[in-house]
Amino acid sequence: MNCTHIKDLLPLYTEDDLPSQQADTVRAHLFSCPQCRESASEYEASQEWLRASGGSGGTQLEDRFFDDLRASVWRGIEESNKPRAFFNGWKWAIAFALLLITAGLVLHSRSMQPVRDIPDVVQLLPPPATGPVAAVTEPHPPKARRRPRQIRPLRMLPLLPAPVQAERTEIAHDGADSMLRIEIQTADPNIKIIWLIPGPQRNGPSESDTE
Amino acid sequence: MPGEAAGIGLMPQKLKLGDAEPPMARLIARAQAGEAEAFDQLMIAHQHRVVSIAWRILGSREEARDAAQEAFLRVYKHLHKFDLDRDFSGWLYRIVVNVCHDLARKRGRQNWSEEVSDLSNLPSGENLESAAMLAQEQAMVLRALSSLSRKERAALVLRDFEGIATEEVARILGSSPTTVRSQISSARTKIKNFRDRLLKVKI
Chain A
0 MNCTHIKDLL PLYTEDDLPS QQADTVRAHL FSCPQCRESA SEYEASQEWL
50 RASGGSGGTQ LEDRFFDDLR ASVWRGIEES NKPRAFFNGW KWAIAFALLL
100 ITAGLVLHSR SMQPVRDIPD VVQLLPPPAT GPVAAVTEPH PPKARRRPRQ
150 IRPLRMLPLL PAPVQAERTE IAHDGADSML RIEIQTADPN IKIIWLIPGP
200 QRNGPSESDT E
Chain B
0 MPGEAAGIGL MPQKLKLGDA EPPMARLIAR AQAGEAEAFD QLMIAHQHRV
50 VSIAWRILGS REEARDAAQE AFLRVYKHLH KFDLDRDFSG WLYRIVVNVC
100 HDLARKRGRQ NWSEEVSDLS NLPSGENLES AAMLAQEQAM VLRALSSLSR
150 KERAALVLRD FEGIATEEVA RILGSSPTTV RSQISSARTK IKNFRDRLLK
200 VKI
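Each protein sequence line maps, in turn, to chains A and B.
Per numbering that gives the first Met the number 0: the first sequence = residues 0 to 210.
Per numbering that gives the first Met the number 0: the second sequence = residues 0 to 202.
Structural data, given as structure tokens:
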């Protein structure tokens, strides 16, 4: 081992913190190297200074210091053992209950908001090409007039038109002109969609009829 | 007594420890069972070392007192979890070191030079001149300790001041013996360099 390596080991060698084999190597080197020996003695002096000047940390304190220390520890223990005040114990439960009440009120107020009326079904439908005919039926008598079913439009799709509710679908077979008549009742009782579709030609009784 | 004043009665009566102090394990077991007197005896048995470690790590008597108080409170809180087969002192010193590190973190890097003046509180009746010199030397040692890193300081205090074996220091600090040896070696070198500079200034 050279001097550089030995000097690295000196701080531990000074206090017997080296394994015995390494300590023997350092000891042998110090025997033959005055410079490293001087470094070792400096480390020993430094350690002595450290212990002599700093070795009394806390030991010169009076008994009163430690009595006060233990008394403050017991005070801290008593503080931690004290039962909590009523509000402290229940504050989270109260806060949670208030939160629930607030949320309930908000939901209730939102459900009481007026529902937007369904737009006119004629406006929603695409313009008829040939077949469908949008017709406004005669208004019902006041007694029979029903309140139109209110459907809240989907919030997720605000651009979509309100759905048209087909309450009743009737298929009428007009034998005279062989037309199929399909009536679709919209959500508005005053509006029906009537489809007139040319039916199959009936030239005479079928074979099954004659049998 | 504060415990009696609060009606809880935790604070024990003034203890008179006899010559035959009960073994530490029995004392710990009694404290674990909730015996306040046993816990007070535990504190008495360890208070000097706890304060000493905290003082050297933190560099201030008042902070050492706060650290010791907090450490004993943590011991009281977690004593029921302590395994009697383990070394109580090592467990306690680990708590002390952790508390000191927590306090040091809260404090940040304040000026140590102001705090070391606490060391001038020497017992009365001493020769003033020698007392002043001793206080100055102690202040220098604490200043030298303040030049170390947090881990180096803890390792050096436990090994060189408290005389705890390197392996035990490693267990207390939660690191390997090799790491602790390296920290101690580095710390001793820094202390020596600090003292060398100090001697040059004095000359």
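Where a beta carbon is used, it is the ideal one built from N, C-alpha and C, also for glycine.
Computed from a prediction, not measured in an experiment: that's the story for all the values here.
Residues of the region 65-79 of chain B with a CB closer than 7 Å to any CB of chain A: list them in chain order, please. Ala-67, Gln-68, Phe-71, Leu-72 and Tyr-75
Checking 8 Å against the spacing of the C-beta atoms, do B:Ala-154 and B:Gln-135 come in under that value? no
Hey, B:Val-160 and B:Arg-55 are a contact pair by Cβ (cut 8 Å); roughly how many whole angstroms apart? The sequence given here places Phe at residue 160 of chain B; Val does not occur at that position. Going by Cβ atoms, the distance from B:Phe-160 to B:Arg-55 rounds to 6 Å, so yes, they are a contact pair.
Could you spell out the range, first to last residue, of the beta strand (DSSP E) harbouring A:Met-178? 178-184
A:Tyr-12 versus A:Met-0, A:Pro-33, A:Ala-39 and A:Phe-30, residue with shortest Cα-Cα distance: A:Ala-39
Below 8 Å between beta carbons: does that hold for A:Val-72 and B:Gln-68? yes
Is A:Pro-188 helix, strand or coil when you go by DSSP? coil
Three or more beta-carbon pairs under 8 Å between the region 176-190 of chain B and the region 5-20 of chain A, yes or no? yes
Alpha carbon of A:Pro-33 to alpha carbon of A:Cys-2, nearest angstrom: 11 Å
Ignore the nearest five residues each way along the sequence and tell me which others in A:Ile-196's own chain have a CB closer than 6 Å to its CB. Leu-179
May I ask you to report which of helix, strand or coil DSSP gives B:Pro-176? helix
Quick one: is B:Ile-228 near chain A, going by C-beta distance under 8 Å? Given a span of 0 to 202 for chain B in the structure shown, any question on residue 228 of chain B remains unanswerable.
Reduced DSSP secondary structure (H/G/I, E/B, other) of A:Leu-60: coil
Assign B:Ile-163 to one of three DSSP states: helix, strand, or coil. coil
Roughly how many whole angstroms lie between the Cα atoms of B:Gly-107 and B:Asp-101? 10 Å
Are there 16 or more other CB atoms within 10 angstroms of the CB of B:Gln-40, so buried, or fewer, so exposed? buried
Helix, strand or coil for B:Pro-22? Go by DSSP, reduced to three states. coil
With a 10 Å radius around its C-beta and 16 neighbouring C-beta atoms as the bar for buried, classify A:Leu-98 as buried or exposed. exposed
Any beta carbon of chain A sitting closer than 8 Å to that of B:Asp-159? yes
Can you grab the Cα-Cα spacing for the pair B:Asp-82 / B:Ala-24, in whole Å? 10 Å
Only counting the same chain, and skipping five residues up and downstream in sequence, which positions put a Cβ closer than 7 Å to that of B:Arg-66? One point to set straight first is that residue 66 of chain B is Ala, not Arg, in the sequence displayed. If we look at B:Ala-66 and ignore the five residues flanking it on each side, its Cβ neighbours are Ala-53, Leu-57, Val-95, Val-98, Cys-99 and Leu-102.
Backbone CA spacing between B:Ala-138 and A:Arg-36 [nearest angstrom]: 29 Å
Check whether the Cβ atoms of A:Asp-212 and B:Thr-165 lie closer than 8 Å to each other. Given that chain A is displayed from residue 0 to residue 210, the structure contains no residue 212 of chain A and the question cannot be resolved.
Around the C-beta of B:Ala-35, are 16 or more other C-beta atoms found within 10 angstroms, so that it is buried, or is it exposed? buried
Could you pull out every residue in the same chain whose Cβ sits closer than 7 Å to the Cβ of B:Trp-90, ignoring the five residues on either side in sequence? Phe-81
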